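Top line first, the protein sequences correspond to chains A and B. The first sequence: position 315 = 315 (the numbering used here), numbered continuously. Take the position in the second sequence, starting the count at 1, then add 651; the result is the number in the numbering used here. Here a beta-carbon is modelled for each residue, glycine too, at the ideal position from N, C-alpha and C. Please read these numbers as outputs of a predicted model, since none were measured by experiment.
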Amino acid sequence: MADDNYARDEEDFDEEEVDETSYRSVKDAVLFAIDISSSMLTPRPSKDAKKPTEVSPASAALRCAYHLMQQRIISNPHDMIGVLLYGTESSKFYDEDGKSRDDLSYPHCYLFTDLDIPSADEVKALRALAEDEEEARKLLKPSEERVSMANVLFCANQIFTSKAPNFLSRRLFIVTDEDNPHAESKSLRSASFVRAKDLYDLGVEIDLFPISRPDHNFNTSRFYDDIIYKTAPSDGEAPAYLKPDTNTATAKGDGISLLNSLLSSINSRSVPRRSLFTNVPLELGPDFRISVNGYLLLKKQEPARSCYVWLGGETPQIAKGITTQSADDTGHVVEKSEIRKAYKFGGEQVTFTTEEQQALRNFGDPIIRIIGFKPLSALPIWANVKHPTFIYPSEEDYIGSARVFSALQQKLLKDQKLALVWFIPRKNATPCLAAMVAGEERVDENGVQKVPPGMWVIPLPFADDVRQNPEYARHAPPDDLVDAMCNVIGQLELPKKVYDAQKYPNPSLQWHYRILQALALDEDVPETPDDKTIPKFRQIDKRAGDYVLTWSELVDENAKSMFGGTAATKSTLAKRGPKDQDAGNPPSKRVKVEGGTTNLDDDVKRSFERGAVAKLTMPILKEFLTAHGRATAGKKADLVDRVEQFFEEKI
Amino acid sequence: MAQKEATIYIVDVGRSMGERRHGRSVTDLEWAMQYVWDKITTTVGNGRKTANVSVLALRSDDTSNELREDAHNSNISVLSRLGQVLMPDIRRLRDSIKPSNTNRGDAISAIVVAITMINEFTRTLKYKRKIVLVTNGTGPMSDNGLEEIQKKIVSDGIELDILGADFDDPEYGVKEEDKDPHKAQNESLLRGFAEGCEGTYGTLEEAIAELETPRIKAVNPMPSFKGMLRLGDSQKYETAVQIPVERYPRTYVARPPSASSFVPVSKKTQEEEGDPKPSQGDALTAVRMARTYQVDDPSAVGGKVDVERDDLAKGYEYGRTAVHISQIDENITRLDTFACLDLIGFISQDKYDRYLHISNANIIIPERANDKASLALSSFTHALHLSSFYAVARMVTKENRAPMVVMLAPSINAGYECLIEVQLPFSEDVRSYQFPPLDKVITVSGKTITEHRNLPNQDLQEAMDNYVDSMELDHKDELGNDVLPIDESFSPLLHRIESAVRYRAVHPDNPILESPEILTKFAHPDEELVKNSASSLKNLISKADVKKVPPKTKGRKRQRETEKPLSGLDVDALLNQEPKRANISPDNAIPEFKQMLSRAENIETINGAVKQLCAIVESQIKNSLGDANYDRVVEELGTLRDELVDYEEPALYNDFLRSLKSKMLLEELGGDRRELWWLLRRSKIGLIDRKTSDRSEVSEEEAKEVSKSTPSLQDDTNASAVPFSKLKLWVWTMNYEPTIHENGTSYDAPQERFLMIL
């Protein structure tokens, strides 16, 4: 609920990305500019024999835009996105009041989705355009006359100026297969260059997503190198020597591969680079510092909080909550500055002045200070408390930071070492001891960077954060048992033996937004979620089934010989199938032994069939529910309900 | 559940305890109390009702104890009975623990009194019983019936600690020179007594030194998941197996206590109750939160109206569309799940990137008291270890919780065996920011070069290699393996705050203590290590040739060449040919302003450009419907400010901002624009002060005042009645009330009331 946000706020305090110096609001606006020419509209068949499809570059671009729009609703709910089609026969823009109208001031520019946080209707409209041929054909008609690129760029300029003023990040994504739009007209070319400079001076970054034609490779030097700048001027955090990577990701080939490579390169730039901290000194030794920027490349994405919606008006509206703080004794409203912080102690409050509070929390200025090096093997796999921070050099405070950082990173990579660091990421942040490890660059099959090169700062637990391991009776497994399990494991490697996060979308997050989308668009709520984290059971059975059985039999044998007859009653394992139900032996003391075998599932099932679940005891109900992943909270009646529900579901 | 406790502290308050010895700045009693207070306040800080503490004064002036009939037990008084200690008790104890005027009183008798008190209090119930005696050992002590007392202590299961000021302790290295023979006799008596009843005997110095080392609160392991580690789907396939397992945290961040908000009790309440607390400082009252809700309504004053809580439904934002969810469907967006730990597949240990860990670590162990499960899980753990794999699994800890993808790593050593479990990122958790390579530079034309000012040359690389090797840490475990000093590192904030709270509770008027060194032990490299690597470092510094950028020239623009596109085309030349650009167009103000400045050859051009932009800003404010143009104005002013700092003309900006402020406050720019002023203030684009630009004539304080000062509602008349001039003008309002604008923007008004400088 909206009111329990406070606890969360406090927790998030450490994580907040802050920009203390800038007057700009830390938001991102992306405007797609998609070229609608006849070549962009020509479908490209895919040769996949199983499902031959045709995708035109324009529709691939629209699908990418739709995909990005959906994705950003989840990942960046406060950021804007818009879609501008250019080269269309029809034109559409808004006048100064912000209302849309057919306007000829930007001929052949069609503002399909205005730059804004997308509404459900806009999502729907864009999807229709991307997926519905009919809809698309009506609108996607190339004009006879060539559109002026200068006009397109100025049109984008006006959209950014009026719709996303003062945004820290504003980006124009141009998707086109035309590498030389005004080959014949020098004046039109110059006009485009000037308008591009305007965008640059406005702080808009142009990202080009070039598409090669079947008979012609896209050549940026013919036009686009003159309108794209090395760094966005507003991106003060950009490393000194960024990023002529526009050449690397030209989409080409048939429809599907074109779509995929476009998706991959757009995805890689879907989020604007926001730093967690900038120009923090990395101290290699006394009196030797360089400066680095920090980024959160890995962070758990949570669904947006619920809010309150006001239903009294024509359309539902989000109600903004305002908190007022009042004194408990008189009820008068108190100001922030009056508030004192106090700790509960011995039934009263122990107070400190604001200055004392600050002094208690102050452990010095932000720093990453190396206090020594260790082999990487010294970092235990369990020594982790949260996500790491990625750092990359910045030349802003210390010239030469990049080369020193690079030398250190290469040394740590080569020798498999880590640096132990004292880490204070921001002013007044809690210090921690951390392991700084070097990370290598990783690229995907399209040549798009997946993991940047740099270093990762992994906060270590303090002694206070390490919990004691509970004791239990251990039994060393015989070698043949271990070997049997090795055989199982060998059958079930993930592709390339690595974990690829991209293959596992968060199922509950996706489901949350999938349902919201259905509700917002007034569509049917889907019945089954698409959960990629559910193991591929069929493959497991097919590939490893026999090995599993071998191992399972060995476990039984060994257990029998190691623990004798008594142990069988004390142990519950392992094998469980519709026909093979002799496993799942519960502790015998609780269950009546029937026919020599003890079997919790069977007992409970029989009780269910007799309608006598309610006669089972609480421990049995609980054990049964636990074994099936059901909640065990509540009164007995609740548990009985749950057990009955379990069997009813199965029938 | 933590065990119930009954602890009695026997504090020697005899006259001799009031003396300072061996050059110490504190008396024996003060010294002893450092230890006792620390122990007592630690117990208080835990806030447990079952932790009972009592304090006995030994060698006190008067006698007040259960056994006072017996003459042996004179000069022993109970300062507080066994029970939970709260703040009033602390205050009372603080006031009553003072050196007495007598040296009479037998320590052994005090122990007998304490034993009796514990017995009466705890009877035969399960308790952790403890007696702590702190003394300087100069009082009279009788050895009558020692053995019986010792037996009683042992049979009652009482733990006895005896600590003495300047007691000899060869192990710790304390030996008092010229020891008084009577004291020596006492020491040996106490030592023998403690040792005879399995108690401890030590010197105070050691005990106090140990206080420095933070105590770690042990937490009883509680399983966060009990269920099955499964391979395959047992509902569908006969080959599915499952092992009953439990999950416990391996790491869990211990957070410092959180402070709550309070305000001083209003004077009125204090008078009414006629009972101003005798405690330190002001009495406090809690702060209550109230929440009201508003929605946009263009027809209302201020554009917003309050709505009733009852008219609100729970909902979510989908983009900018509000989606409400009726109560019946409350959980409609929740993914239905059942608790599970299902294996997905296996990955190679060598190829795993350690930085993918995004959570704390847990352990997975077999269900307890289940031998077969233990055997089965152990074979799985060993198989992972043997084949160098980690397992990837889907985990749901409780029904209807969100699924996680976790990594399971084998952990096998002599003492323990388990699986380590950590969360892995989902695709949504990975943000792909791109960065250029660190070992090469790719040029615009796509050429790869390996020699560049941003890349280390061979000299630098070698110097770095040497330095890193010279700074190797030597922490090893008992087997000689490299380890990180996790055991010796303590959470600085946690212990700093906890000890400050404890100290403040006893010494409300003292300033807070410095942070103990042990908390920041790892803030700096070891001195020895630094010394040994000094020459390598010196070499590295010279090879690295790193230069600090002087703060003044950061981002300076004047000398910088203008940015060019990738091709290097001279766009400025093209711009110069554009005839239209003599005047800044309001539609394209920022780019044209920047371009005009970059072309400017003299101050007049700069002046002109600034004037034009200022006019545009004013007209945008004037024509803004509500706050429609505010963000644009902030952006334009911010740009203006940045550029003029770069061009070293801060006065142009400062003059304009002053005039703009007065115009806004006098409502000359289309009515009430105070909200915009607040926005400007929040955006930190006030006057350019001397710290930002050395050409500025405005001090930091002055700049702060100008952006702070804001009129409150009732001062409108005052403000507009004051003619604008360059004079400084101070206006005070006496009855300041916080101002809430109709639209709900709460102005966090300055503390020092209303104050304005123009």
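Cβ contact (3+ pairs, closer than 8 Å) linking the stretch 948 to 968 of chain B and the stretch 474 to 486 of chain A: no
Any 3 or more C-beta pairs closer than 8 Å across the stretch 794 to 802 of chain B and the stretch 681 to 691 of chain B: Cβ pair count under 8 Å is below three, so no.
Buried/exposed call for Ile976/B, threshold 16 Cβ in 10 Å: buried
Short Cβ contact (8 Å threshold) for Asp132/A with Asn76/A: Cβ distance not < 8 Å, so Asp132/A and Asn76/A don't count as in contact.
Length of the line joining the Cα atoms of Ala419/A and Ala463/A: 19 Å
C-alpha gap between Glu720/B and Val764/B, whole angstroms: 12 Å
Pro874/B in three-state terms, based on DSSP: coil
Whole-number beta carbon distance between Glu1243/B and Arg1250/B, since they are thought to touch under 8 Å: With a Cβ gap of about 10 Å, Arg1250/B and Glu1243/B do not count as contacting.
Under the three-state DSSP convention, the category His1008/B falls into: coil
C-beta neighbour in chain A for Gly1289/B, strict 8 Å: yes
Buried or exposed by the 16-neighbour rule on C-beta atoms within 10 Å, applied to Arg630/A: Counting Cβ neighbours within 10 Å, Arg630/A comes out buried, since at least 16 surround it.
Simplified DSSP assignment, three categories, for Pro586/A: Here the model assigns Pro586/A a pLDDT of 34, short of 50, so the residue's position is not dependable, and the following value carries that caveat. Coil.
Min CB distance His512/A to chain B below 8 Å: Yes, its Cβ sits closer than 8 Å to a Cβ of chain B.
Nearest-angstrom beta carbon gap, Ile1169/B and Leu360/A [assumed within contact, 8 Å]: Actually they are not in contact, since the Cβ atoms of Leu360/A and Ile1169/B sit about 16 Å apart, beyond 8 Å.
Three-state secondary structure assigned by DSSP to Phe997/B: strand
Contact check, Lys417/A vs Val1119/B, beta carbons under 8 Å: yes
Proximity below 8 Å, CB of Lys341/A to CB of Ser912/B: yes
Alpha-carbon to alpha-carbon, Val437/A and Asp638/A: 50 Å
Within 8 Å, strictly: CB atoms of Arg44/A and Asp254/A: yes
Listed by chain order, chain A residues near Gly1277/B by CB distance under 8 Å: Correct list: empty, because the minimum Cβ distance to chain A is about 13 Å.
Rounded Cβ spacing between Val904/B and Asn1011/B (contact assumed at less than 8 Å): 7 Å
Listed by chain order, chain B residues near Cys307/A by CB distance under 7 Å: What Cys307/A touches in chain B: Gly966, Tyr967 and Glu968.
C-beta neighbour in chain E for Phe173/A, strict 8 Å: The structure shown contains no chain E; its protein chains are A and B.
Rounded separation between Pro214/A and Arg222/A - CA only: 18 Å
For Met80/A: DSSP bridge partner residues: Ala29/A
Nonlocal neighbours in the same chain, by C-beta distance under 8 Å from Ile652/A, ignoring five residues either side: Lying before the first or after the last residue shown, residue 652/A is absent from chain A, which here runs from 1 to 651.
is_contact[Lys1355/B, chain A] using C-beta, thresh 8 Å: It does not: the Cβ of Lys1355/B has no partner Cβ on chain A nearer than 8 Å.
Cβ neighbour criterion (16 or more within 10 Å) applied to Glu856/B: buried
Any non-hydrogen atom of the ligand FAD closer than 7 Å to Ala934/B Cβ: What this structure holds is no ligand at all, so the ligand FAD is not there to describe.
Chain-ordered neighbours of Val974/B on chain A, where CB pairs are closer than 7 Å: Leu516, Leu519 and Ala520
Under the three-state DSSP convention, the category Thr42/A falls into: coil
Beta-carbon proximity of Ala1302/B to Leu1264/B, cut-off 8 Å: no
Expected contact under 8 Å - CB spacing of Arg457/A and Ile368/A to nearest Å: The question names Arg, yet the displayed sequence has Val at residue 457/A. Distance from Val457/A to Ile368/A at the Cβ level is roughly 7 Å; contact confirmed, criterion being Cβ atoms closer than 8 Å.
Closer than 7 Å at the beta carbon, the chain A residues around Gly696/B: Phe345
Bridge partners - Asp947/B, DSSP secondary structure assignment: Answer is Lys955/B.
Candidates Leu62/A, Asp79/A, Ala120/A and Tyr86/A: closest to Gln517/A by CA position: Ala120/A
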